[in-house]
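Engineer: Residue numbers (our numbering), protein chains in the order written: chain P, 1 to 252; chain Y, 1001 to 1252.
There are 2 protein chains.
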Amino acid sequence: MPTPRPQRPDPRANPIADDGSEVRFCSTCAFSGACVAAGYDKAHLRDLHVLVEHIGPFRAGEHIFRTHDPFRAIYAVRAGLVKTVTVDPEGNEQVLGFYLPGEVVGLNAIYPEHYPCDAVTLETAHFCRFSFPAISALAARMPGLQQQLFRLLSKELGMTSLLAGDHAAEERVAAFVTDLGERLAAQGFSGTRLRLSMSRVDIANYLRLAAETVSRIFTRLRDQGLIALEGRDLEILDPAGLGALARNVRER
Amino acid sequence: MPTPRPQRPDPRANPIADDGSEVRFCSTCAFSGACVAAGYDKAHLRDLHVLVEHIGPFRAGEHIFRTHDPFRAIYAVRAGLVKTVTVDPEGNEQVLGFYLPGEVVGLNAIYPEHYPCDAVTLETAHFCRFSFPAISALAARMPGLQQQLFRLLSKELGMTSLLAGDHAAEERVAAFVTDLGERLAAQGFSGTRLRLSMSRVDIANYLRLAAETVSRIFTRLRDQGLIALEGRDLEILDPAGLGALARNVRER
DNA sequence: ATTCCGTATTGATTTCGATCAGATCGATGC
DNA sequence: GCATCGATCTGATCGAAATCAATACGGAAT
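(1) Which ranges does the beta strand (DSSP E) cover as unbroken runs of at least 3 residues, wholly within the stretch 1102 to 1190 of chain Y, from first to last along the chain?
(2) Span of the beta strand (DSSP E) holding residue 1241(Y)?
(3) Taking residue 1251(Y) as the query, report the chain P residues whose CB atoms sit under 8 Å from its CB, ordered along the chain.
(4) Counting contacts by CB-CB distance shorter than 8 Å, is residue 1021(Y) in contact with chain P?
(5) For residue 235(P), which residues does DSSP report across the bridge?
(6) Using a cut-off of 7 Å between C-beta atoms, extract the partners of residue 1110(Y) located in chain P.
(7) What's the gap between the Cα of residue 1022(Y) and the Cα of residue 1050(Y)?
(8) Pull out every residue of the stretch 1164 to 1195 of chain Y whose Cβ sits closer than 7 Å to any Cβ of chain P, in chain order.
(9) Determine, using beta carbons only, whether residue 1143(Y) comes closer than 8 Å to chain P.
(10) Check whether the stretch 1153 to 1167 of chain Y touches the stretch 1121 to 1139 of chain Y, counting contact only when three or more Cβ pairs, one atom from each stretch, lie closer than 8 Å.
(11) Output needed for residue 1184(Y): all residues of its chain with C-beta closer than 7 Å, excluding positions within five of it in sequence on either side, in chain order.
(12) For residue 1171(Y), which residues in the same chain have their Cβ closer than 7 Å to its Cβ, ignoring the five residues on either side in sequence?
(13) Kindly say whether residue 1158(Y), judged by its beta-carbon, lies nearer than 8 Å to any beta-carbon of chain P.
(14) 8 Å is my cut-off, CB to CB: does residue 100(P) come that close to chain Y?
(15) Under 8 Å, Cβ to Cβ, is there at least one residue of chain Y near residue 161(P)?
(16) Please decide whether residue 216(P) counts as near chain Y, where near means a Cβ-Cβ distance under 8 Å.
(17) Report the CB separation of residue 77(P) from residue 125(P) in whole angstroms; it is logged as a contact under 8 Å.
(18) Could you tell me the distance, in whole angstroms, from the CA atom of residue 236(P) to the CA atom of residue 227(P)?
(19) Look up residue 1212(Y) in the DSSP assignment and say whether it is helix, strand or coil.
(20) Distance check for residue 121(P) and residue 63(P), CA to CA, integer angstroms please.
(21) Within the continuous beta strand (DSSP E) that includes residue 204(P), where are the two ends?
(22) Measure the C-alpha to C-alpha separation of residue 1070(Y) and residue 1104(Y) and round it to an integer number of angstroms.
(23) If we count the other Cβ atoms within 10 Å of its Cβ and call it buried at 16 or more, is residue 1054(Y) buried or exposed?
(24) Which residues in chain Y sit within 8 Å of residue 199(P), going by Cβ to Cβ distance?
(25) Mark residue 167(P) as exposed unless 16 or more other C-beta atoms lie within 10 angstroms of its C-beta, in which case mark it buried.
(26) I'd like to know whether the C-beta atoms of residue 1161(Y) and residue 160(P) end up nearer to each other than 8 Å.
(27) Flag residue 1073(Y) as yes if its beta-carbon sits less than 8 Å from any beta-carbon of chain P, otherwise no.
(28) By Cβ distance below 7 Å, which residues in the same chain neighbour residue 1217(Y) in space, the five residues on each side in sequence not counted?
(29) Considering only residues of the same chain and omitting the five flanking positions on each side of residue 6(P), which have a CB-CB separation below 6 Å?
(30) Please report the distance separating the alpha-carbon of residue 1068(Y) from that of residue 1084(Y).
(31) For a test of the three-state rule: what should DSSP assign to residue 30(P), helix, strand or coil?
(32) In the DSSP assignment, find the unbroken beta strand (DSSP E) run with residue 1081(Y) in it and report its ends.
(33) Along the stretch 129 to 140 of chain P, what residues have a CB closer than 8 Å to any CB found in chain Y?
(34) For residue 1050(Y), which beta-bridge partners are listed by DSSP?
(35) Would you kindly check if the distance between the Cβ of residue 52(P) and the Cβ of residue 202(P) is under 8 Å?
(36) Where does residue 1096(Y) sit, in a helix, a strand or coil, going by DSSP?
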């Protein structure tokens, strides 16, 4: 029996999300909502704009920061994909998260004042770098920005406690795919046709499963007609069905 | 062979941590460091003090807030013990965390704007209630307070990613005990003689293990001479040995 | 094309912790 | 004291996912 095949995702689906204008921000900027929506005047916007540093490109496999580096900045992904990983004393890696364009990396370093993980790009990536002392000082003058930082931190808290739950392997994988789709959709990409730029090993590690288990579950989901998958190109064929599997992981 | 028995913890070990003076805070207050240490003047301290509402006592089993309640406030534990739990659509409970005196409950509600979990007291408890709009407004004028809120959020992020890792049951339990001891010590209690006010079921649920497994591991740790345990009274006999087991969970 | 090598899939077996079942302990009330 | 009930502990069995092992795929270099 033939299994469904996905169409190739649009190669333009992952551009650098920056419209380049002087006092406006990347359309997907993690802070744009805090500023533009709150109706800040040009002076405030300029303050924020000035403290941003556009960095990149980083090629796949490069480090943005490493464990124990002193915490100085948070990084908003402009384009590309990043993972954060910890390495325990025995050398076991643990993927903490994947970050898409418009999302912010490094918030978990605030308390320890050192990055508690490595941030590694999985495909060519660009970032906005925000000095943390500068952005928190500005946040004191821009309540909307302060609020946005609180929200980003709290959101990330919610993310981790989803995966911290104990769930069957199939539920985890379904939740992972559903979540990725939703996050991509939130950033204006297709929520149903996407590219898994991370390896199966990384996915498995993130989900606290063996790579073989992830592989088996992907084929099972494909046989059930919920997804189409060829290599790293994924299409969600039945979002409702997949969401039903993910329900116990995500809905609370 | 006789197994070691703990001495009873000092019953005074868990007082209401409030010295009662007008413009000073509970000695264990989660925000005291942000204020007193930063040398704020009386006016600022009074602002913070005014927005605090002392609530309690709550008896064991009472709810501070419930899932889906609109988010209005964060709660600092003054005395007692709280757990936060989610309930999935099938009714499975999931303990997200335990909160000791001096710690803050409710931060994960900022982003969704509704509490994503129930907060339930496990023993008689008192709280300081901080209206979130009020405290974040004040934070904009008190950089030290803003910083403290960021740190609390970031700290909680670090906590959850510890338990999110995949670790052997014994490592989890060892890490749990070690962590509890350290957190109690940080609040001025004994770090080696403590009372597990939560049930074995709650501990197991928090660690994503079966209650039977937790029980077995406690006896194993006792047989190894690492802990003494009688009912809910625990003494850490060999902090280094226990820490070695916990090392892969905690050290990164 | 062909080789090479890292990545992914598929199959066989093992293992750790869950589940099922029963015993024991401890606090409370009669 | 004695009965009762919930919580905890201990033992026996089961099962989902890990591990071990081998094969297949796919892109890059020759």
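No residue lacks a Cβ here, since even glycine has one placed at the ideal position from N, Cα and C. Predicted, not measured: the structure shown is a model, and the values here were computed from it.
Structural biologist: According to the structure shown:
(1) The stretch 1102 to 1190 of chain Y contains, as complete beta strand (DSSP E) runs of 3+ residues, the segments 1118 to 1131 (chain order).
(2) Run containing residue 1241(Y): none in the beta strand (DSSP E); it sits in the alpha helix (DSSP H), 1239 to 1250.
(3) Using a Cβ-Cβ cut-off of 8 Å, residue 1251(Y) is close to 88, 89 of chain P, given in chain order.
(4) With a pLDDT of only 42 at residue 1021(Y), under 50, the local geometry of the prediction cannot be trusted, and the value read off the model is given with reservation. Not closer than 8 Å to any Cβ of chain P, the Cβ of residue 1021(Y) fails to qualify, so no.
(5) For residue 235(P), the beta-bridge partners assigned by DSSP are 193(P), 228(P).
(6) Taking a Cβ-Cβ threshold of 7 Å, the residues of chain P close to residue 1110(Y) are 150, 151, 154, in chain order.
(7) Low local confidence applies: a pLDDT of 45 at residue 1022(Y) is under 50, so the model's placement there is unreliable, and no value is given.
(8) Result list: 1164, 1165, 1166.
(9) Chain P contact via Cβ: present.
(10) Judged by Cβ distances under 8 Å, the stretch 1153 to 1167 of chain Y makes no contact with the stretch 1121 to 1139 of chain Y, as fewer than three pairs qualify.
(11) The beta carbon of residue 1184(Y) sits closer than 7 Å to the beta carbons of 1100, 1190, 1191, 1194 from its chain, once the five residues preceding and following it are set aside; these are given in chain order.
(12) Sequence-distant Cβ neighbours of residue 1171(Y) in its own chain, meaning closer than 7 Å and more than five residues away, are 1245, 1246, 1248, 1249.
(13) Yes - at least one Cβ of chain P is within 8 Å of the one on residue 1158(Y).
(14) For residue 100(P), no CB of chain Y lies under 8 Å from its own CB, so it is not counted at the interface with that chain.
(15) By this cut-off, residue 161(P) is an interface position.
(16) Not closer than 8 Å to any Cβ of chain Y, the Cβ of residue 216(P) fails to qualify, so no.
(17) Their Cβ separation, rounded to whole angstroms, is 6 Å, which keeps residue 77(P) and residue 125(P) in contact under 8 Å.
(18) Taking the straight line joining both Cα atoms gives about 5 Å.
(19) In this structure, residue 1212(Y) counts as helix in the three-state DSSP scheme.
(20) Cα to Cα, residue 63(P) sits roughly 6 Å from residue 121(P).
(21) It is not in any beta strand (DSSP E) - residue 204(P) instead sits in the alpha helix (DSSP H) that spans 200 to 207.
(22) Near 17 Å, if we compare the C-alpha coordinates of residue 1104(Y) and residue 1070(Y).
(23) Residue 1054(Y) should be labelled exposed.
(24) For the C-beta of residue 199(P), not a single chain Y residue is nearer than 8 Å; the gap to the nearest is close to 18 Å.
(25) For residue 167(P), the number of other beta carbons within 10 angstroms of its own is at least 16, and it is reported as buried.
(26) Contact: yes.
(27) For residue 1073(Y), the answer is no, since every Cβ of chain P falls outside 8 Å of its Cβ.
(28) For residue 1217(Y), where only same-chain residues beyond five positions count, the Cβ hits under 7 Å are 1169, 1170, 1173.
(29) In this prediction, residue 6(P) has a pLDDT of 47, which is less than 50 and means its spatial position is unreliable; what the coordinates show is noted afterwards. Only 228, 230, 233, 235 meet the Cβ criterion.
(30) Distance between the alpha carbons of residue 1068(Y) and residue 1084(Y) is about 13 Å.
(31) Note: residue 30(P) maps to coil in three-state DSSP.
(32) According to the DSSP assignment, residue 1081(Y) belongs to the beta strand (DSSP E) that extends over 1073 to 1087.
(33) Per Cβ criterion, the list reads 136, 137, 139, 140.
(34) According to DSSP, which records beta bridges pairwise, residue 1050(Y) is partnered with nothing at all.
(35) Result no, Cβ atoms of residue 202(P) and residue 52(P) do not sit closer than 8 Å.
(36) In this structure, residue 1096(Y) counts as strand in the three-state DSSP scheme.
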